[in-house]
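Engineer: Quick note on numbering: UniProt numbering labels position 241 of the sequence shown as 241, and the sequence is numbered without any gaps.
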Amino acid sequence: MIEMVIEQRRRSLGGGLEVGRVLPFAKRRMVGPFVFFDHMGPMDLAAGVDRSVDVRPHPHIGLSTVTYLFTGEMMHRDSVGSEIAVRPREVNWMTAGRGITHSERFEKARAMGDHLHGIQAWVALPEADEECDPAFTHLDGDALPTWTERGASGQLIAGSAFGLTAGAPVFSPMFYIALTLAPGATAELPTGHRERALYIAQGAITLDGRDWQTGQMLVLDANAAAIRSAGGALVMVLGGEPVGERFLYWNFVSSRQERIAEAAADWRAGRMKLPDLDNGEFIPLPDDPGLPSRPLP
Numbered sequence: 001m002i003e004m005v006i007e008q009r010r011r012s013l014g015g016g017l018e019v020g021r022v023l024p025f026a027k028r029r030m031v032g033p034f035v036f037f038d039h040m041g042p043m044d045l046a047a048g049v050d051r052s053v054d055v056r057p058h059p060h061i062g063l064s065t066v067t068y069l070f071t072g073e074m075m076h077r078d079s080v081g082s083e084i085a086v087r088p089r090e091v092n093w094m095t096a097g098r099g100i101t102h103s104e105r106f107e108k109a110r111a112m113g114d115h116l117h118g119i120q121a122w123v124a125l126p127e128a129d130e131e132c133d134p135a136f137t138h139l140d141g142d143a144l145p146t147w148t149e150r151g152a153s154g155q156l157i158a159g160s161a162f163g164l165t166a167g168a169p170v171f172s173p174m175f176y177i178a179l180t181l182a183p184g185a186t187a188e189l190p191t192g193h194r195e196r197a198l199y200i201a202q203g204a205i206t207l208d209g210r211d212w213q214t215g216q217m218l219v220l221d222a223n224a225a226a227i228r229s230a231g232g233a234l235v236m237v238l239g240g241e242p243v244g245e246r247f248l249y250w251n252f253v254s255s256r257q258e259r260i261a262e263a264a265a266d267w268r269a270g271r272m273k274l275p276d277l278d279n280g281e282f283i284p285l286p287d288d289p290g291l292p293s294r295p296l297p
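(1) Check whether the stretch 141-152 and the stretch 197-206 touch, using three or more Cβ-Cβ pairs below 8 Å as the test.
(2) Just how far apart, CA to CA, sit G192 and V219?
(3) Report yes if the C-beta distance between A124 and M30 is below 9 Å; otherwise report no.
(4) So, H138 versus V91, is the Cβ gap smaller than 9 Å?
(5) Considering only the beta carbon of each residue, do L189 and A230 sit closer than 9 Å?
(6) With burial defined as no fewer than 16 other Cβ atoms inside 10 Å of the residue's Cβ, what is the status of D278: buried or exposed?
(7) CA-CA distance, F108 and E73?
(8) For A269, which of G159, P59, H39 has the nearest alpha-carbon?
(9) Looking only at DSSP bridge pairs, what is F252 linked to?
(10) Thinking just about the alpha-carbon of each residue, which of R51, S64, G62 is nearest to the one in M75?
(11) Take the Cβ of A158 as the centre, count every other Cβ of all protein chains shown within 10 Å, and call the residue buried at 16 or more, exposed below.
(12) From V19, F25, G16, P33, pick the residue whose C-alpha is nearest to that of P242; which is it?
(13) Which residues mark the beginning and the end of the alpha helix (DSSP H) in which D266 is found?
(14) Locate the alpha helix (DSSP H) running through M112, then write down its first and last residues.
(15) Who does P88 pair with in a DSSP beta bridge?
(16) On the criterion of 16 or more Cβ atoms from any shown chain inside 10 Å, does A161 qualify as buried, or is it exposed?
(17) DSSP three-state label for E83, please.
(18) Would you call A187 buried or exposed, if buried means 16 or more other Cβ atoms sit within 10 Å of its Cβ?
(19) Which whole-angstrom value describes the C-beta separation of P57 and F282, a residue pair presumed to lie in contact below a C-beta threshold of 8 Å?
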């Protein structure tokens, strides 16, 4: 039933912002179309927190990002003109396609302090859609399909599961669910997809006769399964159909290595548009002798 266990690896993004990196993993690069999975926090941000904690404008290609918060708030600005606060239990789905740039700022925390806890995942686009037009979609919590059964509350973030379909503009068969389990609750996991996994964001669960803890991703086979939590838990359930091998460098995802090199060159040369409402700074391309070395102006 459980094919692999992936432990989160703590990573600093600078400025005091820390995440638990789950995907990609050396022995499991993707689950369905999911190519990247970061657990943000949980962490307290004090009032007046320095701007170094912000994620300055940076680029993406070939993927969709989905940001989902349990607590806290981030301000999203991008190069297609979006400006919106990312709040708990809402969905912010950004399709990079041929190229987009965005920033994530902690403006509420700077004003009054905040407690940040959430997940950011990247979904690889099928080859036919890798160069689609960039776009951004925001969905309020009331717009997401929800259900409650046996003490478990589910929210369908994207894709299709249990006969329900979410409103995020997905490009391949997939599902992404947030489950809140009360103490003693049980929950069935969706079937019908070739690849599945769950990630324990908070608390602990029992599956396959063993207990599993916060920070673990369990990669599952295709058989029916149910989880139980004695003390309560927050669990993300994800998966879908594979889209094929993908190359990942920094914030770029593509089925073609040469496309990533092209995007890196474009970013170095300043050919990717910054967000109109946040164009005063950016994150430089990391040094890499295998990529073009021209500095950004």
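Using N, Cα and C, we set each Cβ at its ideal position, and we do this for glycine too.
Structural biologist: Result, derived from the coordinates:
(1) In this structure the stretch 141-152 does not lie against the stretch 197-206, because fewer than three pairs of beta carbons, one per stretch, are closer than 8 Å.
(2) 15 Å
(3) yes
(4) Judged by their CB atoms, H138 and V91 are nearer to each other than the 9 Å cut-off.
(5) no
(6) buried
(7) Inspection of the sequence shows that residue 108 is occupied by Lys rather than by Phe. K108 and E73: Cα-Cα distance of roughly 7 Å.
(8) P59
(9) Beta-bridge pairing links F252 to I61, Y249.
(10) When only C-alpha atoms are compared, the closest one is R51.
(11) With 16 or more Cβ atoms within 10 Å of its Cβ, A158 is classed as buried.
(12) P33
(13) 257-268
(14) 107-112
(15) Looking at the DSSP assignment, P88 forms a beta bridge with L69.
(16) buried
(17) strand
(18) By the Cβ neighbour-count rule, A187 is buried, with 16 or more other Cβ atoms within 10 Å of its own.
(19) 5 Å
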